[in-house]
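Note sheet for the following structure.
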């Protein structure tokens, strides 16, 4: 190991060994010091002008692909932990922060919205300046954002901290898939994405367990503090394992598209959440109007943009375009299911966060096992059918959830979660492979970012739609009372609440059905290869 690397490891080890104080302020200061040191080291390594650094620009990203995959999987685990850990704690956070249901959901949606808006932009930055570099900087921002989330005192500050955390999350998630595509040849990518699916399921399991455990026995703040040591560890591994591959040409960013898309989505989401908590008022209509106008302007800007936020050239490739559509509808139909099931278990059945989380763990475990199997099937038979079958299984799982009543056996929760885990383990590696196999190599970062964008747009809209659909069947105050765990409600009101959940779940089934048909349509055609060949290829820069 080079002397500089050994010195860096020794310094970080000394900091961690002597960081034994419990005071929150000192804990955060130590984290900032560590992240600052790692940022300086990362930038020195990234921007160095030594011959070895110049040589790395045109050499493979690593000669140890399996070790590199391990590092990427750790990053995926951290992202997955944060996708589930917050949902378990939402009822507790509502009580602690004195926030309503339409307000507290922004703690989840703000994070997703930022990742959605930044996915393609940071993918371009990865193509321009190095995917590994952006991946590492993402960890630093994510760790600092997590620490900020833990020390916030109000819901508005927490939403802002989640925005900062989302910036780091976008840099991590948008570049991870592209790094895997850099490391592995086409014939082995399905297997690699299968292990990423395993990592996602492991992270989701840890998020559910940690969210339930930390919220039940400690404080909701620790669901954010837990990211700090894990994130620092992952960053250290990335610094010493991953090496930068070849960089592409200079991309043109799209600030106009970024702003108009952000205003459009944020306005529509705000209108939907206000509708669920307050009903229709002139302000909600105004927000919807602003959102629609902003998205219309976004479309006009994208039509004239040389390198738009959504890269239209990739839509000429059938397998890629329909995989994007499948990702959108899967996010729209699947993401809110965990939230709805948590509302059922904690609100209607009176379980603690930990008890509720334990019922879902078997499904995520099975999903972790199914991921590599789905990846191998994808490598052997192609991506279309594994993805479609996975979506069909997820729809069956949601159908099982939609038949739960106040007195249903909780065994059905376990059964449904098992079916859902099997479906997700089949869908995600297959859909990722379809996109990365069809996209031009020099645009892996853009393609990976766009895949995340479509999935995240579906996810963030899924959350808002679930709240609106639930509130259409029940009084607005009842949803709040059920979600925070009120013990003074009659059986009739609880049953009415469950009916509202069923309405939202049936919408999820319909969206998963659309995703299923999109996956069936994602069949590579003979013209796809010519479209890939005709897509402008970035010119390598040798630094």
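Numbering (the working numbering), first residue to last: 308 to 850.
Using N, Cα and C, we set each Cβ at its ideal position, and we do this for glycine too.
Handout entry: alpha helix (DSSP H) segments (min. 4 residues) lying fully within the region 625 to 665
Key = 625 to 649
Practice task
Would you mind sorting residue 611 into buried or exposed? The rule is 16 or more other CB atoms within 10 Å of its CB.
Solution key: Against the chain shown, residue 611 aligns to sequence position 304. Exposed, since its Cβ has fewer than 16 Cβ neighbours within 10 Å.
Handout entry: residue 533, DSSP secondary structure in three states
Key = The sequence position of residue 533 within the chain shown is 226, counting from 1. Here residue 533 sits in coil by DSSP.
Problem - Classification of residue 813 by the beta-carbon crowding that lies within 10 angstroms, buried from 16 upward - result: In the chain shown, residue 813 corresponds to position 506, counting from 1. Classification for residue 813: exposed.
Handout entry: Buried versus exposed call for residue 374 [16 or more other C-beta atoms within 10 Å across all chains shown]
Key = Numbered from its first residue, the chain shown carries residue 374 at position 67. Answer is exposed; the Cβ neighbour count stays below 16.
Exercise for the section: Determine the burial state of residue 510: buried for a count of at least 16 other Cβ atoms within 10 Å of its Cβ, exposed for fewer. Expected result: Numbered from 1 along the chain shown, position 203 holds the residue referred to as residue 510. With 16 or more Cβ atoms within 10 Å of its Cβ, residue 510 is classed as buried.
Exercise for the section: Determine the DSSP secondary structure at residue 423, reduced to helix, strand or coil. Expected result: Along the chain shown, read from residue 1 onward, the residue named residue 423 stands at position 116. DSSP places residue 423 in helix when its eight states are reduced to three.
Handout entry: Residue burial classification, residue 599 (beta-carbon count within 10 angstroms, cutoff 16)
Key = Against the chain shown, residue 599 aligns to sequence position 292. When all chains shown are included, residue 599 counts as exposed.
Problem - Residue burial classification, residue 809 (beta-carbon count within 10 angstroms, cutoff 16) - result: Here residue 809 is taken as the residue at index 502 of the chain shown, counted from 1. Per the 10 Å Cβ criterion, buried.
Handout entry: Reference residue 723, options 422, 671, 423, closest by Cα
Key = Taking the first residue of the chain shown as 1, we reach residue 723 at position 416. The option with the nearest alpha carbon to residue 723 is 671.
Practice task
Consult DSSP for residue 830 and reduce its assignment to one of helix, strand or coil.
Solution key: In the chain shown, counting from the first residue as 1, residue 830 sits at position 523. Coil at residue 830, not helix or strand.
Practice task
Please go through the same chain and pick out, in chain order, the residues whose beta-carbon is closer than 8 Å to the beta-carbon of residue 662, but skip the five residues on each side of it.
Solution key: Along the chain shown, read from residue 1 onward, the residue named residue 662 stands at position 355. Same-chain partners within the cutoff: 519, 652.
Practice task
Please classify residue 460: is it buried, with 16 or more other beta-carbons within 10 angstroms of its beta-carbon, or exposed?
Solution key: One-based indexing of the chain shown puts residue 460 at position 153. Exposed, because fewer than 16 other Cβ atoms sit within 10 Å of the Cβ of residue 460.
Problem - Pick from 394, 602, 439 that is closest to residue 648, judged by C-alpha positions - result: For the purposes of this step, residue 648 is taken as residue 341 along the chain shown, with counting starting at 1. Residue 648 has its Cα closest to that of 394, out of 394, 602, 439.
Practice task
Tell whether a beta-carbon distance below 7 Å holds between residue 805 and residue 702.
Solution key: As a working note, residue 805 is residue 498 in the chain shown. As a working note, residue 702 is residue 395 in the chain shown. Going by C-beta atoms, residue 805 is not nearer than 7 Å to residue 702.
Handout entry: Same chain only: Cβ atoms within 6 Å of residue 830, ignoring 5 sequence neighbours per side
Key = On the chain shown, position 523 is the one that residue 830 refers to. Counting only Cβ-Cβ distances below 6 Å, and skipping sequence neighbours, we find 691.
Exercise for the section: Using the Cα positions of residue 746 and residue 582, report the straight-line distance between them to the nearest angstrom. Expected result: On the chain shown, residue 746 is found 439 positions in, with the first residue counted as 1. On the chain shown, residue 582 is found 275 positions in, with the first residue counted as 1. About 40 Å.
Handout entry: Span separating the alpha-carbon of residue 575 from that of residue 420
Key = To locate residue 575, count along the chain shown from 1; it is residue 268. To locate residue 420, count along the chain shown from 1; it is residue 113. Taking the straight line from one Cα to the other gives about 12 Å.
Exercise for the section: Kindly confirm or deny that the region 755 to 775 and the region 638 to 645 touch, where touching means at least three C-beta pairs closer than 8 Å. Expected result: yes
Handout entry: residue 398 in three-state terms, based on DSSP
Key = Translated into positions along the chain shown, residue 398 becomes position 91. Residue 398 falls in the helix class under three-state DSSP.
Problem - Residue span of the alpha helix (DSSP H) that contains residue 440, given as start and end - result: Numbered from its first residue, the chain shown carries residue 440 at position 133. Unbroken alpha helix (DSSP H) run through residue 440: 438 to 458.
Practice task
Give the straight-line distance between the Cα atoms of residue 547 and residue 761, rounded to the nearest whole angstrom.
Solution key: Locating residue 547 in the chain shown gives position 240, where the first residue counts as 1. Locating residue 761 in the chain shown gives position 454, where the first residue counts as 1. Approximately 32 Å, taken between the alpha carbons.
Exercise for the section: Kindly list the residues whose CB is nearer than 8 Å to the CB of residue 269, restricted to its own chain and excluding five residues on each side of it in sequence; keep chain order. Expected result: Any answer about residue 269 is impossible in this case: the structure gives the chain only from 308 up to 850.
Exercise for the section: Please determine, among 455, 487, 492, the residue with the shortest C-alpha to C-alpha distance to residue 475. Expected result: Within the chain shown, residue 475 is the residue found at index 168, counting from 1. When each option's Cα is compared against that of residue 475, the closest is 455.
Exercise for the section: Ignore the nearest five residues each way along the sequence and tell me which others in residue 697's own chain have a CB closer than 6 Å to its CB. Expected result: Position 390 of the chain shown, counting from 1, holds the residue named residue 697. 730, 733, 734, listed in sequence order.
Problem - Between the CA atoms of residue 495 and residue 686 - distance to the nearest angstrom - result: Taking the first residue of the chain shown as position 1, residue 686 is located at position 379. Taking the first residue of the chain shown as position 1, residue 495 is located at position 188. C-alpha separation (whole angstroms): 7 Å.
Problem - Within 7 Å, strictly: CB atoms of residue 530 and residue 516 - result: One-based indexing of the chain shown puts residue 530 at position 223. One-based indexing of the chain shown puts residue 516 at position 209. No, these two residues do not count as a Cβ contact at 7 Å.
Practice task
Thinking residue 505 and residue 675 are a contact (beta carbons under 8 Å), I'd like their distance in whole angstroms, please.
Solution key: Working through the chain shown from its first residue, we reach residue 505 at position 198. Working through the chain shown from its first residue, we reach residue 675 at position 368. Confirmed, about 5 Å.
Handout entry: residue 758, buried or exposed, once every other Cβ within 10 Å from all chains shown has been counted against 16
Key = As a position in the chain shown, residue 758 is number 451, starting the count at 1. Buried.
Handout entry: Reduced DSSP secondary structure (H/G/I, E/B, other) of residue 746
Key = Looking up residue 746 in the chain shown gives position 439. Coil at residue 746, not helix or strand.
Exercise for the section: Using beta-carbon positions only, say whether residue 823 and residue 695 come within less than 7 Å of one another. Expected result: Here residue 823 is taken as the residue at index 516 of the chain shown, counted from 1. Here residue 695 is taken as the residue at index 388 of the chain shown, counted from 1. Yes, Cβ-Cβ distance for residue 823 and residue 695 is below 7 Å.
Exercise for the section: Please go through the region 562 to 629 and give each complete alpha helix (DSSP H) segment of 4 or more residues, from N-terminal end onward. Expected result: 562 to 585, 589 to 611
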